[in-house]
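Taken in order, these protein sequences are the chains called A and B. Offset between the first sequence (1-based) and this note's numbering: plus 2. Offset between the second sequence (1-based) and this note's numbering: plus 2. Accompanying notes for the structure given below.
2 protein chains.
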Amino acid sequence: MSDDVILLAHGSGGLLTHRLISDLFLRHFADPVLAAQQDAAVLESPGERLAFTTDAFVVSPLFFPGGDIGRLAVCGTVNDLAMSGATPRYLSAAFIIEEGLALGVLERIVTAMAEAAREAGVAIVAGDTKVVGRGGADGLYITTAGVGSLSGGHALRTDAIAPGDRLLVSGPVGDHGLAVMAAREGLPFHPAPVSDCAPLGGLVAALLGACPPGDVHALRDPTRGGLAAVVNEWASGEGVGIDLMEDAIPVREEVRAACEMLGIDPLHAACEGCLVAAVAPGSAERALRALQGHPLGAGAAVIGGVTADHPGRVVLTTPLGAHRLLEMPTGELLPRIC
Amino acid sequence: MSDDVILLAHGSGGLLTHRLISDLFLRHFADPVLAAQQDAAVLESPGERLAFTTDAFVVSPLFFPGGDIGRLAVCGTVNDLAMSGATPRYLSAAFIIEEGLALGVLERIVTAMAEAAREAGVAIVAGDTKVVGRGGADGLYITTAGVGSLSGGHALRTDAIAPGDRLLVSGPVGDHGLAVMAAREGLPFHPAPVSDCAPLGGLVAALLGACPPGDVHALRDPTRGGLAAVVNEWASGEGVGIDLMEDAIPVREEVRAACEMLGIDPLHAACEGCLVAAVAPGSAERALRALQGHPLGAGAAVIGGVTADHPGRVVLTTPLGAHRLLEMPTGELLPRIC
């Protein structure tokens with residue numbers, strides 16, 4: 003089917019829609035609940051409490067070093083579930099496809115979604131496909147929603163963040179944003195930034211398992227707006243101050259170089275396989291070791307802490323000992339990054 | 003804010019994104035779980051079994067007689083949950099907005115979503131907003147996902163359909179499809195078709211409550227592809243034959259007139275506030291009365307039945323007594339109808 007393209011009729015609910023669903027989605031996602039093709043997936047509830055989230059993905063280009071829109075659409079929603087302390091279980095996926103998209107391209111993306119779902123241990127149990135005319139979408143948009151289990155697990159809320167908490171990141175920041183920017187603009191960086199796009203359920207489980215219950219106060223994946231947006235949301239949302247040590251924040255050399263050339267602050271650039279954790283001070287060392295012991299957290303670092311001083315503000319200490327405010331990002335930043 | 007328009011920066015994850023969320027979405031959806039603004043909504047599980055579904059909405063134009071993309075996005079997903087026999091409980095909503103959309107337009111749509119959610123008895127607990135550049139979307143696309151409760155309720159599956167079943171519709175077919183087509187093309191029909199867009203959870207509850215457990219075999223809302231797609235899916239999917247009496251199928255006069263002018267078969271046109279039911283023969287009368295006794299089912303009718311003859315085929319008996327095959331719709335039909 004790789005020579006063919008998506009037609010408006012693939013979205014009409016008629017014969018071509020049914021063929022597309024059977025030949026592509028059901029085959030790759032290979033889930034019995036999905037294959038039942040009922041109006042809704044019927045599932046065993048994963049426990050007394052659920053986590054539920056959604057994200058739309060409009061990344062441009064559709065493919066970039068380290069991933070594609072399909073892998074991103076699975077990891078993004080899985081990670082939002084994981085950040086609440088939930089075990090990701092079920093995903094839905096809704097596709098808005100532009101007429102003319104090559105079926106071979108769609109198949110590569112669907113294959114990547116299936117692989118990412120296996121990696122994350124989630125089942126894609128519900129879906130929808132719409133087709134819009136040429137010019138109606140930029141190739142393909144995917145919206146995923148996810149359901150996770152909170153039974154027996156930690157339910158994390160940012161209001162648990164308190165002065166004294168240590169802040170950790172699980173790896174270098176900005177990889178995803180710069181990988182997408184470089185791919186979009188065709189910039190010849192060597193080495194090229196590679197997206198960190200990965201499902202973080204396992205990393206979160208390792209972290210939570212290593213710390214006494216309640217000592218991991220909050221988790222967040224720094225996607226749009228990057229690390230700067232997360233720490234500013236925490237500072238203003240919880241009325242605390244945040245201090246960061248600039249030279250403790252891991253940034254890959256190739257990302258730093260790309261940022262300098264493009265005039266982008268790496269702290270504003272998106273990650274898709276990295277988390278920020280606020281941890282009780284007594285568990286910071288334990289948390290760091292747990293992250294570093296996981297393949298997706300090898301580059302973890304303690305980057306600062308929470309303070310009762312300067313509530314609502316994030317203060318960055320530069321390598322030379324100067325202080326500057328790290329503001330909430332404004333303006334267009336990096337559009338279409340996820 | 004009605005003079006303003008959506009900018010790329012509204013989707014950047016920075017300051018304008020936060021303002022849009024607080025000033026628009028949180029205010030209208032007014033849900034404490036949503037307002038907590040965590041990465042995932044944390045919910046009490048609605049029971050031991052869940053229904054989970056998603057739909058993307060790309061309807062053009064955004065507003066049409068009887069509804070808009072917001073009302074449609076709530077009703078469509080609520081109805082998919084209801085068709086499985088579930089009680090709709092929680093919704094997520096992801097917005098893909100084109101740069102330049104008037105904030106006043108977005109606010110009207112969000113207001114309509116909030117109203118439809120109240121009507122349906124569901125809470126909008128999770129959301130996401132992305133902005134794409136001019137030309138990147140046709141104004142606005144909305145993808146909703148929904149979670150419903152199946153505890154204590156009937157879990158409906160189309161494989162319960164059996165020869166002897168009676169088929170009912172809850173009201174006239176094709177209203178939604180023709181309302182959208184007429185609005186899109188600016189066709190001056192008098193009276194103009196009006197979309198039937200409505201949440202059907204209450205109608206389903208009335209129907210299931212009136213029949214002995216297990217006697218309502220399957221429900222489906224005939225959206226894309228209309229009644230013809232539903233009955234053909236049932237016939238081919240379950241290996242049964244279906245007989246329909248053409249003059250028993252309710253079609254409003256204005257819809258029939260519009261269909262004739264446009265060369266559209268009303269049985270191919272979408273409904274968004276109507277259901278098709280396959281009911282055990284002994285409960286058909288009871289089911290009909292239950293539907294007719296509900297405000298959204300006043301126009302209900304028995305339209306045919308399931309047979310062991312001609313498996314996989316749908317045979318329509320015309321008012322003159324002739325028989326013709328009602329095929330699965332093919333081709334482009336009515337694009338961008340939902």
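Just so it is clear, CB atoms sit at the ideal spot from N, CA and C, and this is done for glycine as well.
In the DSSP assignment, R120(B) falls within the unbroken alpha helix (DSSP H) covering 105 to 122. No Cβ-Cβ contact shorter than 7 Å links S94(B) with S47(A). Chain A places no beta carbon closer than 7 Å to that of P193(B), leaving this residue out of the contacts.
With the rule of 3 Cβ pairs closer than 8 Å, the region 273 to 280 of chain A counts as touching the region 188 to 208 of chain A.
In its chain, beyond the 5 residues on either side, H219, A220 have a beta carbon closer than 7 Å to the beta carbon of A162(B). Inclusion of I98(A) and K132(A) in the CB contact set at 7 Å is warranted, their separation being smaller than that value. At a beta-carbon threshold of 9 Å, none of the residues of chain B lie near V76(A); the nearest stands roughly 14 Å away. When the Cα atoms are used, T89(B) and L28(A) turn out to be separated by approximately 26 Å.
Around the beta carbon of H178(A), 16 or more other beta carbons lie within 10 angstroms, which makes this residue buried. Only residues of its own chain outside the window of five on either side were considered, and among them L170, A302, A303, V304 have a CB closer than 8 Å to the CB of L290(A), listed in chain order. For L318(A), the closest of G15(A), D249(A), D33(A) by C-alpha to C-alpha distance is D249(A).
Residue range 71 to 85 is occupied by the alpha helix (DSSP H) that includes R73(B). Within the same chain, and ignoring the five residues on either side of P283(B) in sequence, the residues whose Cβ sits closer than 6 Å to its Cβ are G166, R168. For the options D217(B), L52(B), R222(B), R186(B), the alpha carbon positioned closest to that of L202(B) is the one of R222(B).
Taking one beta carbon from each stretch, the region 111 to 126 of chain B and the region 67 to 76 of chain B have 3 or more pairs nearer than 8 Å; the two touch.
As a beta-bridge residue in DSSP terms, R168(A) pairs with V281(A), G307(A).
Annotation for A292(A): A208, L209, G211, A212, C213, G299 place their beta carbon closer than 8 Å to its own, counting only its chain and skipping 5 residues before and after. Annotation: R315(A) has no Cβ neighbours in chain B at a cutoff of 8 Å; minimum Cβ distance is about 15 Å.
For R288(B), the uninterrupted alpha helix (DSSP H) segment begins and ends at 286 to 294.
D41(A) has its alpha-carbon roughly 15 Å from the corresponding atom of D33(A).
About 7 Å separates the Cβ atoms of A96(B) and G129(B), confirming a contact at the 8 Å cut-off.
The beta carbon of P215(B) does not come within 7 Å of any beta carbon belonging to chain A, so the residue lies off that interface. Note that the C-beta distance between G243(A) and P313(A) is below 7 Å. The continuous alpha helix (DSSP H) containing V35(B) extends over residues 34 to 37. Minimum Cα-Cα distance from V182(B) among the listed residues A237(B), C261(B), P215(B), G13(B) corresponds to C261(B). DSSP places S238(A) in the uninterrupted alpha helix (DSSP H) bounded by 228 to 240.
Under DSSP, S151(A) takes part in a beta bridge, and its partners are L52(A), T89(A).
Counting C-beta atoms within 10 angstroms of its own C-beta, G306(A) has 16 or more neighbours from the protein chains shown and is therefore classed as buried.
Using a CB distance cut-off of 7 Å, L22(B) does not count as an interface residue toward chain A.
Per DSSP, E46(B) is one residue of the beta strand (DSSP E) stretching across 43 to 46. Chain B places no beta carbon closer than 7 Å to that of I244(A), leaving this residue out of the contacts. Taking the Cα positions, S285(A) is about 14 Å away from V308(A). In the three-state scheme derived from DSSP, where H, G and I count as helix and E and B as strand, M330(B) is classed as coil.
Apart from the 5 residues on each side of it in sequence, A119(B) sits with its Cβ closer than 6 Å to the Cβ of V76, I126 in its chain, given in chain order. With respect to A231(A), P331(A) sits close: the two C-beta atoms are nearer than 7 Å. Near chain B, meaning a CB-to-CB distance below 7 Å, no residue of the region 161 to 178 of chain A qualifies.
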